[in-house]
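Numbering (the numbering used here), first residue to last: 90 to 469. Ideal Cβ positions, reconstructed from N, Cα and C, are used throughout, including at glycine. Quick caveat: nothing in here was measured; it's all calculated off a predicted structure. One structure is given below, encoded as structure tokens.
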């Protein structure tokens, strides 16, 4: 039996750079046929303090585990001061966790991350979040056999046992639902809408007023999600950055806004599943993959899509019109998806105890096919 090389944990610094940290997922997951490498340039921008406005209210540290000169794992630790301001719970986060199937490696990575968080006054750790509640959230614990869609994570089945071995327990599960967009409209939704005495109009995003429309979407989303577990609002800078970074992918008709009495009340945003196009890119956009990406998005729309953002204002929660508004925007966007040849749409993520939203999605034929778990532990 070969004795494994000694393990060492190295922090990510300006000198070491992000390169080794970004390459770890490929070393761990590269042989998994369901894994899709993210674009390394996008990941580099995501982790850059000058390019990601999340860093205006947060900090992170990263570590890479090596055996000899071979990277065998990585982890990040984050402190989000907007979360601390909102909840006053001394909670920090871990994320970007990938490692070989080895208890020593997972343990050493967690010790590094928890040690840094403890020094910063953190008393509870939650994750994985990469980097925030508004990014990739949770560890895949069910649904390993299919590739992740755009902006969703992937993992190997053994990750969970090592996280739990280090003292973490389940905090919350998130579900990803898959649905065929050509579903027949359920009659119950028609009845809900007819019962409303308020005039309702659904319209696409107005691209000529893009920044103004982004502000409207952010306002609806932050209001709609305000009572959800773990919620931290998008800042103006974050949502604007998100909107502009995804502008290439956004078709105005795939963002639908419902207005009640002329005021924005609900919205849905559907994006092409870029992962279909970039599966063979190996994380590289240059020198020529950017041409393939543009061709794949403009000339041959992907067969799958994802709904990453959706919301109904709280004023309509627990009213008959609430689910009606949700269905209206879903119904409006799905016709455009069908027209583009989309066959499958993922709605993600939805909290496991969000029974209202789950009922709506299941009523129109959605099935939960992936499950993501957020863990937490109290630091000793």
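Spatial distance of residue i from residue j (CA atoms)
i, j, result
"residue 100", "residue 204", "12 Å"
"residue 235", "residue 286", "44 Å"
"residue 391", "residue 335", "16 Å"
"residue 113", "residue 195", "14 Å"
"residue 363", "residue 261", "27 Å"
"residue 338", "residue 360", "6 Å"
"residue 405", "residue 179", "33 Å"
"residue 122", "residue 237", "11 Å"
"residue 398", "residue 198", "32 Å"
"residue 456", "residue 102", "43 Å"
"residue 380", "residue 423", "Any reading at residue 380 is ruled out, since the residue's pLDDT is 48, under 50, leaving its predicted position unreliable."
"residue 445", "residue 296", "31 Å"
"residue 245", "residue 209", "31 Å"
"residue 437", "residue 396", "6 Å"
"residue 304", "residue 358", "14 Å"
"residue 159", "residue 96", "10 Å"
"residue 175", "residue 168", "13 Å"
"residue 151", "residue 389", "38 Å"
"residue 184", "residue 211", "15 Å"
"residue 120", "residue 241", "18 Å"
"residue 452", "residue 275", "7 Å"
"residue 213", "residue 440", "21 Å"
"residue 110", "residue 454", "40 Å"
"residue 317", "residue 170", "18 Å"
"residue 116", "residue 163", "11 Å"
"residue 330", "residue 132", "14 Å"
"residue 98", "residue 230", "26 Å"
"residue 442", "residue 93", "43 Å"
Start and end residues, beta strand (DSSP E) containing residue i
i, result
"residue 267", "258-268"
"residue 356", "352-361"
"residue 214", "213-216"
"residue 468", "Element bounds for residue 468: n/a, residue is neither H nor E."
"residue 125", "No beta strand (DSSP E) contains residue 125, which DSSP labels as neither H nor E."
"residue 271", "Segment: none, residue 271 is in no beta strand (DSSP E) and carries neither H nor E."
"residue 231", "228-231"
Where residue i sits in the DSSP three-state scheme
i, result
"residue 329", "helix"
"residue 377", "With a pLDDT of only 44 at residue 377, under 50, the local geometry of the prediction cannot be trusted, and no value is derived from it."
"residue 432", "coil"
"residue 446", "helix"
"residue 99", "strand"
"residue 159", "strand"
"residue 115", "helix"
"residue 287", "coil"
"residue 462", "strand"
"residue 148", "strand"
"residue 165", "strand"
"residue 296", "helix"
"residue 347", "strand"
"residue 179", "coil"
"residue 334", "helix"
"residue 421", "helix"
"residue 189", "coil"
"residue 238", "coil"
Cβ shell of residue i (< 7 Å), same chain only, five flanking positions each side left out
i, result
"residue 207", "468"
"residue 161", "154, 155, 188, 189, 194"
"residue 309", "353, 355, 356, 400, 402"
"residue 377", "Because the pLDDT of residue 377 is 44, which lies under 50, any placement of that residue in the model is unreliable, and the number read from its coordinates should be weighed accordingly. Around residue 377: no qualifying Cβ."
"residue 313", "400, 401, 402, 403"
"residue 394", "359, 360, 361, 362, 426, 431, 434"
"residue 136", "107"
"residue 311", "322, 323"
Any chain C beta carbon closer than 9 Å to residue i
i, result
"residue 440", "No chain C appears in the structure shown, which is made up of a single protein chain."
Proximal residues to residue i (C-beta, below 6 Å), its chain only, five neighbours per side dropped
i, result
"residue 459", "232, 265"
"residue 368", "125"
"residue 134", "140"
"residue 257", "464, 466"
"residue 342", "293, 425"
Close Cβ partners of residue i (< 8 Å) along its chain, the five nearest in sequence each way excluded
i, result
"residue 348", "289, 290, 291, 292, 354"
Where the alpha helix (DSSP H) through residue i begins and ends
i, result
"residue 312", "299-313"
"residue 202", "192-208"
"residue 389", "Segment: none, residue 389 is in no alpha helix (DSSP H) and carries neither H nor E."
"residue 132", "129-135"
"residue 250", "248-254"
"residue 366", "364-367"
8 Å contact criterion, which residue i and residue j should meet: CB distance rounded
i, j, result
"residue 415", "residue 345", "That pair is no contact at about 11 Å."
"residue 220", "residue 165", "7 Å"
"residue 216", "residue 463", "7 Å"
"residue 248", "residue 186", "7 Å"
"residue 427", "residue 270", "5 Å"
"residue 326", "residue 142", "4 Å"
"residue 146", "residue 324", "7 Å"
"residue 192", "residue 254", "6 Å"
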